[in-house]
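Comments concern the structure below.
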Amino acid sequence: MTSAAPATEDLFAHARQIADAVLLEGYVLYPYRASAAKNRMRWQFGVLVPPKWPGAAAEHTLQRTECLLEPRGNPVLHAQVRFLHARRRTVQRAVPDGTYETVDALELPDRVVRPWDEGVTEQVDLTAEISALTGDGTRLPFTLPAHEESEPLHAGGRLVGRQLRRRERVSGELHLSATELDGPCRLLRLTATVRNTGDWSGDGTADREAALPHSLLSAHLLLGVTSGAFLSLTDPPEWASGAAATCRNTHTWPVLAGADGTARTVLSSPIILEDHPRIAPESPGVLYDATEIDEILALRTAALTDQEKREARGTDDRAAAVIDLADSMPPEVLERLHGAVRALREVTGGGPPPPPDRAAAAPPDPFDGDTGGAPWWDPAADAAVDPVRDRVLVDGTPVGAGSRVALRPGPRRTDAQDLFLHGRTGVVEAVLHDVDGGVHLAVTVDGDPGADIRREQGRFLYFQPDELAPLATVEDG
Numbered sequence: 021m022t023s024a025a026p027a028t029e030d031l032f033a034h035a036r037q038i039a040d041a042v043l044l045e046g047y048v049l050y051p052y053r054a055s056a057a058k059n060r061m062r063w064q065f066g067v068l069v070p071p072k073w074p075g076a077a078a079e080h081t082l083q084r085t086e087c088l089l090e091p092r093g094n095p096v097l098h099a100q101v102r103f104l105h106a107r108r109r110t111v112q113r114a115v116p117d118g119t120y121e122t123v124d125a126l127e128l129p130d131r132v133v134r135p136w137d138e139g140v141t142e143q144v145d146l147t148a149e150i151s152a153l154t155g156d157g158t159r160l161p162f163t164l165p166a167h168e169e170s171e172p173l174h175a176g177g178r179l180v181g182r183q184l185r186r187r188e189r190v191s192g193e194l195h196l197s198a199t200e201l202d203g204p205c206r207l208l209r210l211t212a213t214v215r216n217t218g219d220w221s222g223d224g225t226a227d228r229e230a231a232l233p234h235s236l237l238s239a240h241l242l243l244g245v246t247s248g249a250f251l252s253l254t255d256p257p258e259w260a261s262g263a264a265a266t267c268r269n270t271h272t273w274p275v276l277a278g279a280d281g282t283a284r285t286v287l288s289s290p291i292i293l294e295d296h297p298r299i300a301p302e303s304p305g306v307l308y309d310a311t312e313i314d315e316i317l318a319l320r321t322a323a324l325t326d327q328e329k330r331e332a333r334g335t336d337d338r339a340a341a342v343i344d345l346a347d348s349m350p351p352e353v354l355e356r357l358h359g360a361v362r363a364l365r366e367v368t369g370g371g372p373p374p375p376p377d378r379a380a381a382a383p384p385d386p387f388d389g390d391t392g393g394a395p396w397w398d399p400a401a402d403a404a405v406d407p408v409r410d411r412v413l414v415d416g417t418p419v420g421a422g423s424r425v426a427l428r429p430g431p432r433r434t435d436a437q438d439l440f441l442h443g444r445t446g447v448v449e450a451v452l453h454d455v456d457g458g459v460h461l462a463v464t465v466d467g468d469p470g471a472d473i474r475r476e477q478g479r480f481l482y483f484q485p486d487e488l489a490p491l492a493t494v495e496d497g
């Protein structure tokens, strides 16, 4: 919408990586085709609809962010609203009389083009001195005008159709205000409200698809100060915990997002994040479907048929980029997606060297990046653990592989699926120890028709000792 000042760009450079992930989370899902069922219900996060639309009660018209700022002097506050503006695409085929007819799909040599809502990134910037935000604060209304464009489609040098793209008028407002709070240090409660102010009413219908082009999609807010620091609402300092408890956030959640753990930048997101979120460095690109499953998505995308890839390329430029990424990913990049342990580097790094009599025989350091091609830890070579023979005391009874147990998962460390197993019985298959000293028992449940397959694949249900009760022991063999 408006260009940001250079200072704003520098302040938000690090946070923008996370903000881009929020902006495009769920934008298009595997298998990245417009015809896929999961891509027919779009825009799940940060949707701000016009207040006069009849379906507004089921969606949201505004986001309200409240956070704490410990200013130094009279700093300048930079605010940046970012969202997607739906651009509705219609596909038409050229007919011999020189006119066009609307179609559900148009086959081209390299792609299949279908109707689709493309997302155009919009940005609104507001800069103000903190002292100007007390009282009623400041408001910045903004309007994006309607716009229509046409793109011809050719095949073999011949005009075969066109794409019509239309953006509807969208109006909104950013309101910033600040309130001085009592306390041992100077502290401000900063309030930022982003709302849709459009007057589109939908002619009395509550059709969500019709409302999306008039809405702010994936809306989120970046806040940054030139001096001072924002305080975490998740883990505030003790002296500010009372003030943090009074902050009210509606349909969004602010987290610290400064570079290198600094606190001059906040990202207020419709997706709940932790302070100082990061993009995994192993991630090769945007896959729109949660970065923790990049490996699975890359493998499955590469395995799509040629026809499926043609349709994905015709769905959206972003979807086409995913297909190209999966097709061109070298093996070493794919291998990097297999997993990484980060927290252990901090715990074990810089520790004392091994005793001299063990140093020569010590295996390669699993965290130095070079294991000589061997697995960083081989349970078969570690005499300290034996999943088959190890035993653990449960209610005073030794329990190990072959022991029969009753399952009693409780609310702690338990998901909803585990609760359905309460009272069922099963057989312990192995006793496993994790690197943090925890003990986990692998169990197959009695009556599970897939028990043999689970044993063959080594896939079990896992419980901690206090979630089991020992029964009779089953003899091996």
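Converting from the sequence shown to my numbering requires adding 20 to each position, the first position being numbered 1. In this text, a Cβ means the ideal position worked out from N, Cα and C, and glycines have one as well.
Identify which residue in VAL140, GLU86, SER247 and PRO351 has its Cα closest to the Cα of TRP96.
What you label residue 96 is simply residue 76 of the sequence shown in a count that begins at 1. First, the amino acid is wrong: residue 96 is Val here, not Trp. Answer by Cα proximity: SER247.
Strictly by DSSP, which residues pair up with GLN183?
Position 163 of the sequence shown, counted from the first residue, corresponds to residue 183. Note: GLN183 sits in a beta bridge opposite VAL111 and GLU171.
Report the option in HIS240, GLN112 and ASP406 whose CA atom is closest to the CA atom of THR213.
Locating residue 213 in the sequence shown gives position 193, where the first residue counts as 1. Closest option to THR213, Cα to Cα, is HIS240.
Any chance the stretch 107-122 sits against the stretch 84-92, with 3 or more Cβ pairs inside 8 Å?
In short, these stretches do not touch, since the Cβ pair count stays below three.
Per DSSP, what kind of secondary structure is PHE480 in: helix, strand or coil?
Against the sequence shown, residue 480 aligns to sequence position 460. In the structure shown, PHE480 sits in coil (DSSP, three-state: anything other than H, G, I, E or B).
Starting from the Cα of ALA471, find the closest Cα among TRP273, SER235 and VAL447 and give me that residue.
Here residue 471 refers to the residue found at position 451 when the sequence shown is read from its first residue. Comparing Cα positions, the closest option is VAL447.
What's the call for GLN100, buried or exposed, on a 16-neighbour Cβ count within 10 Å?
Against the sequence shown, residue 100 aligns to sequence position 80. Buried is the call here.
Per DSSP, which residues does GLY192 bridge with? Please list them.
Taking the sequence shown and counting its residues from 1, one reaches residue 192 at position 172. Looking at the DSSP assignment, GLY192 forms a beta bridge with PHE162 and ASN216.
Below 8 Å on the Cβ atoms is my guess for PRO274 versus SER288; work out the distance and round it to an integer in Å.
As a first step, residue 274 must be located in the sequence shown, where it is residue number 254. As a first step, residue 288 must be located in the sequence shown, where it is residue number 268. Yes, they are in contact, since the Cβ atoms of PRO274 and SER288 sit about 4 Å apart, within 8 Å.
Taking Cβ positions, are THR335 and ASP295 nearer each other than 9 Å?
Mapped onto the sequence shown, residue 335 falls at position 315. Mapped onto the sequence shown, residue 295 falls at position 275. No, the pair does not count as a contact, with Cβ atoms beyond the cut-off.
May I have the straight-line CA-CA distance separating ALA57 from LEU184, to the nearest angstrom?
Indexing the sequence shown from 1 puts residue 57 at position 37. Indexing the sequence shown from 1 puts residue 184 at position 164. Taking the straight line joining both Cα atoms gives about 23 Å.
How about the stretch 40-59 and the stretch 125-141: do they share at least three Cβ pairs that are nearer than 8 Å?
Counting Cβ pairs under 8 Å, three or more are found: they touch.
Pick out the complete beta strand (DSSP E) segments inside the stretch 254-278, 3 residues or longer, and give them in chain order.
The stretch 254-278 contains these whole beta strand (DSSP E) runs: 273-276.
Pick from THR417, ASP466, THR285 and ALA421: whose alpha carbon is nearest that of SER441?
Locating residue 441 in the sequence shown gives position 421, where the first residue counts as 1. In the sequence under discussion, the amino acid at residue 441 is Leu, which differs from the Ser named in the question. It is ASP466.
Quick check: the Cα distance between GLU258 and GLY218, rounded to an integer number of angstroms?
Here residue 258 refers to the residue found at position 238 when the sequence shown is read from its first residue. Here residue 218 refers to the residue found at position 198 when the sequence shown is read from its first residue. One C-alpha to the other measures close to 42 Å.
Please check the pair ARG215 and GLY75, which I expect to be a contact at CB under 8 Å, by giving their CB distance rounded to whole angstroms.
As a working mapping, residue 215 is identified with position 195 in the sequence shown. As a working mapping, residue 75 is identified with position 55 in the sequence shown. ARG215 to GLY75, Cβ: 16 Å. No contact.
So, with DSSP's three-state summary, where would you put THR311?
For the purposes of this step, residue 311 is taken as residue 291 along the sequence shown, with counting starting at 1. Residue confidence is low: THR311 scores 42 on pLDDT, short of 50, so the model does not pin down where it sits. No coordinate-derived value is stated.
Classify PHE32 as helix, strand or coil using the three-state DSSP reduction.
Taking the first residue of the sequence shown as position 1, residue 32 is located at position 12. Three-state DSSP puts PHE32 in a helix.
Excluding sequence positions up to five away, which residues of its chain have a Cβ less than 6 Å from the Cβ of HIS167?
Translated into the one-based positions of the sequence shown, residue 167 becomes position 147. ARG187.
Checking the sheet assignment: what are the DSSP bridge partners for ALA56?
The residue given as residue 56 occupies position 36 in the sequence shown. BP columns for ALA56 are empty, so no partner.
Can you check whether the CB of THR445 is closer than 9 Å to the CB of ALA426?
As a first step, residue 426 is located in the sequence shown; it is residue number 406 there, counting from the start. As a first step, residue 445 is located in the sequence shown; it is residue number 425 there, counting from the start. The answer is yes: Cβ separation under 9 Å.
Using the three-state DSSP reduction, which class does PRO418 fall into: helix, strand or coil?
Your numbering for residue 418 matches position 398 in the sequence shown. Reduced to three states, the DSSP call for PRO418 is strand.
Can you tell me the Cα-Cα spacing of ILE150 and LEU31, whole angstroms?
Taking the sequence shown and counting its residues from 1, the one referred to as residue 150 is at position 130. Taking the sequence shown and counting its residues from 1, the one referred to as residue 31 is at position 11. C-alpha separation (whole angstroms): 16 Å.
Decide if ARG159 is buried, meaning its Cβ has at least 16 other Cβ atoms within 10 Å, or exposed.
Mapped onto the sequence shown, residue 159 falls at position 139. It is exposed - the Cβ of ARG159 has fewer than 16 other Cβ atoms within 10 Å.
Less than 9 Å between the C-beta atoms of ILE343 and THR325, yes or no?
If you number the sequence shown from 1, residue 343 lands on position 323. If you number the sequence shown from 1, residue 325 lands on position 305. No.
Less than 7 Å between C-beta atoms, sequence neighbours within five positions excluded: which residues of the same chain meet that for ASN94?
Numbered from its first residue, the sequence shown carries residue 94 at position 74. Hits under 7 Å: GLU149, ILE150 and SER151.
Cα separation between TRP546 and LEU232?
There is no way to answer for residue 546, as the model of the chain reaches only from 21 to 497.
Do PHE162 and VAL180 come within 9 Å of each other at the CB atom, strictly closer than that value?
In the sequence shown, residue 180 corresponds to position 160, counting from 1. In the sequence shown, residue 162 corresponds to position 142, counting from 1. Cβ distance not < 9 Å, so VAL180 and PHE162 don't count as in contact.
Given that a residue counts as buried once 16 or more other Cβ atoms are within 10 Å of its Cβ, and exposed if not, what is GLY118?
By 1-based counting over the sequence shown, the position of residue 118 is 98. Answer is exposed; the Cβ neighbour count stays below 16.
Is ALA249 helix, strand or coil when you go by DSSP?
As a first step, residue 249 must be located in the sequence shown, where it is residue number 229. Of the three classes helix, strand and coil, the one that applies to ALA249 here is strand, per DSSP.
Short check: CB of LEU276 to CB of SER303, under 9 Å?
Looking up residue 276 in the sequence shown gives position 256. Looking up residue 303 in the sequence shown gives position 283. Not closer than 9 Å, so no.
With a 10 Å radius around its C-beta and 16 neighbouring C-beta atoms as the bar for buried, classify ARG62 as buried or exposed.
Taking the first residue of the sequence shown as 1, we reach residue 62 at position 42. By the neighbour-count rule (16 or more Cβ atoms within 10 Å), ARG62 is buried.
DSSP puts ALA450 in a beta bridge; with which residues?
As a first step, residue 450 is located in the sequence shown; it is residue number 430 there, counting from the start. Answer by DSSP bridge pairing, in chain order: ALA462.
Among ARG182, LEU164 and GLN477, which residue has its Cα nearest to the Cα of ASP124?
Sequence index remark: in the sequence shown, residue 124 carries index 104 (1-based). It is ARG182.
For ARG333, does the count of other Cβ atoms within 10 angstroms reach 16, so buried, or fall short, so exposed?
Translated into positions along the sequence shown, residue 333 becomes position 313. Buried: at least 16 other Cβ atoms inside 10 Å.
Report the rounded CA-to-CA distance for TYR482 versus ALA41, giving the unit in angstroms.
Locating residue 482 in the sequence shown gives position 462, counting from the first residue. Locating residue 41 in the sequence shown gives position 21, counting from the first residue. When rounded, the distance between both Cα atoms is 32 Å.
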